[in-house]
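**Q**
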Amino acid sequence: MKITIVFDRIRGEEKWLVQEAKRAGCTAELLDGRMLYFEATAKKTKQEFGDVVLQRCISYYRSLFLARIMEHFGAFVINSSKVSETCGNKLVSSMVLAKAGVPTPKTFVAMSSEAVDEAAEKLGYPVVLKPFVGSWGRMISIAKDAQTLDTIVELRESIPNPIEHMYYLQDFIDRPPRDIRAIVAGDEIIATVYRHAAANEWRTNVARGATTSAFKPDKELTEIVLKAAHAVGGGILGVDVMESKAEGYMVHEVNNTVEFKGAQAASQTKIAKKMIEYVIRSAKR
Amino acid sequence: MIAKCEECDADIIVPDDAIVGEIVQCKECQSEYEVASVGDGKVTLKPAEVAEEDWGE
């Protein structure tokens, strides 16, 4: 079986995936997504993507476009463009999770700076503002009151990109200074770790210095994580869960191109091996 | 394999199993480079891309 791993930056994760694919007896080709071009209107392409494509681009838009193009030309892509679109847009993710009955923080969206004050009042302070697209905790802020919100909005309005002029507002969840990252492949949770926020940091992203420790998920967490993974369309995913002091487990996002260096450092399971096993199983179906 | 840092001229040690696209960092000045080519015990580097707004998971 040939597995094509599309990348735009090779991290440890991509190297581990190649090693595990080869160990499983597959041919693994690393394909630099930045170097690709396509005749988009052609009926077919001579480009060959193997039996299955594992999408690992770090750029969200590149990953989304490449998955869509490769699917268009008949490739089987993990994760699919549909899953990529759902997970990569926080607004779509929140709507899909809530609709599926997955506990998720209450979220408002305001279509301009003129609607944001009222939306925040309705949601109730403090509110968390997140970019629609983005990762690693970038540009996430807390507005504890209307004055802070006005300052954040003023800054956002000075950014020329129109997506910055609409607002995603989320309930601030009172929780311990950690969250949970569950890595899912299909119907299986392959690793679960706590991500402990770094000193003087409220965000729990490993990219923000969070440290990890592995644990075994209880039945309730297992069900919620798998339900969240299923809700976004399934595949290889990183489900992030907060432990709300008032409401218990709450899924705040599902990651489509999951990084697992942090989780691997704490976990006995070979995460890349489990991912490749899932890729092979899926491609054989 | 050894390459030179464009910023501070320090030696950057690149592992022998490095592959094109991999990121290496200068231990002296923390500049990041991407492996542009590798073969015959030689490696060439180019400055790594700076994180874009849509980078992440």
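Protein chains in written order, with the numbering used here: chain A, -13 to 271; chain B, 172 to 228. Note that the Cβ used here is the ideal one computed from N, Cα and C, for glycine as well. A quick note: this is a predicted structure, and the numbers were derived from the prediction, not measured.
Going by beta-carbon coordinates alone, are A:L50 and A:M261 separated by less than 8 Å?
**A** Numbered from 1 along the first sequence, position 64 holds the residue referred to as residue 50 of chain A. Numbered from 1 along the first sequence, position 275 holds the residue referred to as residue 261 of chain A. No.
**Q** Provide the residue span of the alpha helix (DSSP H) that contains B:L216, from first to last.
**A** Position 45 of the second sequence holds residue 216 of chain B. Run containing B:L216: none in the alpha helix (DSSP H); it sits in the beta strand (DSSP E), 213 to 218.
**Q** Quick one: grab the DSSP three-state call for A:M152.
**A** Indexing the first sequence from 1 puts residue 152 of chain A at position 166. Coil.
**Q** Determine the contact status of A:E0 and A:R42, defining contact as a CB-CB distance below 8 Å.
**A** Here residue 0 of chain A refers to the residue found at position 14 when the first sequence is read from its first residue. Here residue 42 of chain A refers to the residue found at position 56 when the first sequence is read from its first residue. For A:E0 and A:R42, yes; Cβs fall inside 8 Å.
**Q** Could you tell me the distance, in whole angstroms, from the CA atom of B:V206 to the CA atom of A:Y153?
**A** Here residue 206 of chain B is taken as the residue at index 35 of the second sequence, counted from 1. Here residue 153 of chain A is taken as the residue at index 167 of the first sequence, counted from 1. Counting only the Cα atoms, A:Y153 lies some 39 Å from B:V206.
**Q** Starting from A:F180, trace the beta strand (DSSP E) both ways and give me its first and last residue.
**A** Here the question's residue 180 of chain A lines up with position 194 in the first sequence. It should be pointed out that residue 180 of chain A corresponds to Tyr in this sequence rather than to Phe. Per DSSP, A:Y180 is one residue of the beta strand (DSSP E) stretching across 174 to 182.
**Q** Taking C-beta pairs closer than 8 Å, name the residues in chain A that B:I194 reaches, listed in chain order.
**A** The residue given as residue 194 of chain B occupies position 23 in the second sequence. Ordered by position in chain A, the residues that pass the 8 Å Cβ test against B:I194 are R(-5), I(-4), R(-3).
**Q** Under a Cβ-count criterion, where at least 16 other Cβ atoms within 10 Å of its own Cβ denotes burial, should B:C200 be classed as buried or exposed?
**A** Locating residue 200 of chain B in the second sequence gives position 29, counting from the first residue. It is exposed - the Cβ of B:C200 has fewer than 16 other Cβ atoms within 10 Å.
**Q** Output the residue ranges of the beta strand (DSSP E) runs that lie fully inside the stretch 108 to 156 of chain A and measure 3 residues or longer, sorted by chain position.
**A** 113 to 116, 127 to 129
**Q** Just checking, does the stretch 226 to 238 of chain A make contact with the stretch 175 to 189 of chain B on the three C-beta pairs under 8 Å criterion?
**A** The way I'd put it, the stretch 226 to 238 of chain A doesn't touch the stretch 175 to 189 of chain B; fewer than three beta-carbon pairs between them come closer than 8 Å.
**Q** For B:A219 and A:V82, what's the separation of their Cα atoms in angstroms?
**A** As a first step, residue 219 of chain B is located in the second sequence; it is residue number 48 there, counting from the start. As a first step, residue 82 of chain A is located in the first sequence; it is residue number 96 there, counting from the start. Taking the straight line from one Cα to the other gives about 36 Å.
**Q** DSSP state of A:S66, grouped into three classes?
**A** As a working note, residue 66 of chain A is residue 80 in the first sequence. Of the three classes helix, strand and coil, the one that applies to A:S66 here is coil, per DSSP.
**Q** Would a C-beta distance cut-off of 8 Å place A:K76 and A:K108 closer than the cut-off?
**A** Numbered from its first residue, the first sequence carries residue 76 of chain A at position 90. Numbered from its first residue, the first sequence carries residue 108 of chain A at position 122. Their beta carbons are not under 8 Å apart, which means A:K76 does not touch A:K108 by this criterion.
**Q** At least one CB of chain B closer than 8 Å to the CB of A:D18: is that the case?
**A** For the purposes of this step, residue 18 of chain A is taken as residue 32 along the first sequence, with counting starting at 1. By this cut-off, A:D18 is an interface position.
**Q** Please confirm if B:D225 has its CB atom under 8 Å from at least one CB of chain A.
**A** Taking the second sequence and counting its residues from 1, one reaches residue 225 of chain B at position 54. By this cut-off, B:D225 is an interface position.
**Q** Sort out for me which residues DSSP pairs B:W226 with in a bridge.
**A** Along the second sequence, read from residue 1 onward, the residue named residue 226 of chain B stands at position 55. Answer is A:S45.
**Q** Assuming the contact rule is C-beta atoms closer than 8 Å, A:V237 and A:T90 should be a hit. Round their C-beta distance to whole Å, please.
**A** The sequence position of residue 237 of chain A within the first sequence is 251, counting from 1. The sequence position of residue 90 of chain A within the first sequence is 104, counting from 1. 5 Å between Cβ atoms; contact.
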